[in-house]
Amino acid sequence: MKRLLLILIFALSGPIFLGGCTNSDAVEAQVVHTKACTIEITGMMCEKGCKTTIQNRINEMEGVIIGEVDYPLGKAFITYDANVLSCEKIISEIESIGDGLYKATKVEDKDIENSPENLDENGEGNSASVESYSFEVPDITWFFSALL
Numbered sequence: 231m232k233r234l235l236l237i238l239i240f241a242l243s244g245p246i247f248l249g250g251c252t253n254s255d256a257v258e259a260q261v262v263h264t265k266a267c268t269i270e271i272t273g274m275m276c277e278k279g280c281k282t283t284i285q286n287r288i289n290e291m292e293g294v295i296i297g298e299v300d301y302p303l304g305k306a307f308i309t310y311d312a313n314v315l316s317c318e319k320i321i322s323e324i325e326s327i328g329d330g331l332y333k334a335t336k337v338e339d340k341d342i343e344n345s346p347e348n349l350d351e352n353g354e355g356n357s358a359s360v361e362s363y364s365f366e367v368p369d370i371t372w373f374f375s376a377l378l
């Protein structure tokens, strides 16, 4: 009798466990308008202090993807999301370091990917639809505690 009861429990618990598998809603990725900005920086006196300070401040800004400062050239090369940030805001941030110790001038600001001119008729560029699957184990402890 106990064996029959155990077989019945395992046979009925299979659909319960498999019923916990769900497909979550698809998540639409936001289109990132990527731009590259080259900025000339004057006032840097050393590579270790000045370059590092400016580079860290640039990389801490929301929307910056990559920020590199080349001390010998006196230039910063920044890749950023134009939906969040602009080259002018980056220049303003650089010039605010050390109460105006550094002067920054825009050399170039160009589109890399998903510029407004390159979007399709739906306003989409290189975006991806992402689906994720999750598995939830239902709580069936009440069933086993009732058997005891």
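Per the numbering used here: the sequence shown ends with 378, consecutive numbering throughout. Beta carbons: idealized from backbone N, C-alpha and C, even for Gly.
Suppose you measure from the CA of residue i to the CA of residue j; what does that come to, to the nearest Å?
i	j	result
residue 270	residue 261	29 Å
residue 278	residue 366	51 Å
residue 332	residue 325	5 Å
residue 329	residue 308	22 Å
residue 232	residue 369	23 Å
residue 265	residue 290	17 Å
Tell me whether residue i is buried or exposed, calling it buried when 16 or more other Cβ atoms sit within 10 Å of its Cβ.
i	result
residue 416	The chain is shown only over 231 to 378; residue 416 falls outside these bounds and no answer can be derived.
residue 297	buried
residue 294	buried
residue 310	buried
Residue i and residue j look like a contact to me (Cβ under 8 Å); what is the Cβ gap, rounded to whole Å?
i	j	result
residue 268	residue 338	4 Å
residue 284	residue 321	About 11 Å separates the two Cβ atoms, so there is no contact after all.
residue 292	residue 315	7 Å
Looking at C-alpha atoms only, which residue of the options is the closest neighbour of residue i?
i	options	result
residue 304	372, 364 and 335	335
residue 312	232, 363 and 263	263
residue 275	291, 300, 375 and 364	300
residue 281	315, 306 and 290	306
residue 286	302, 315, 323 and 265	323
Contiguous beta strand (DSSP E) assignments of at least 3 residues, all confined to the stretch 265 to 306: If only uninterrupted beta strand (DSSP E) runs of at least 3 residues are considered, those enclosed by the stretch 265 to 306 are 294 to 300.
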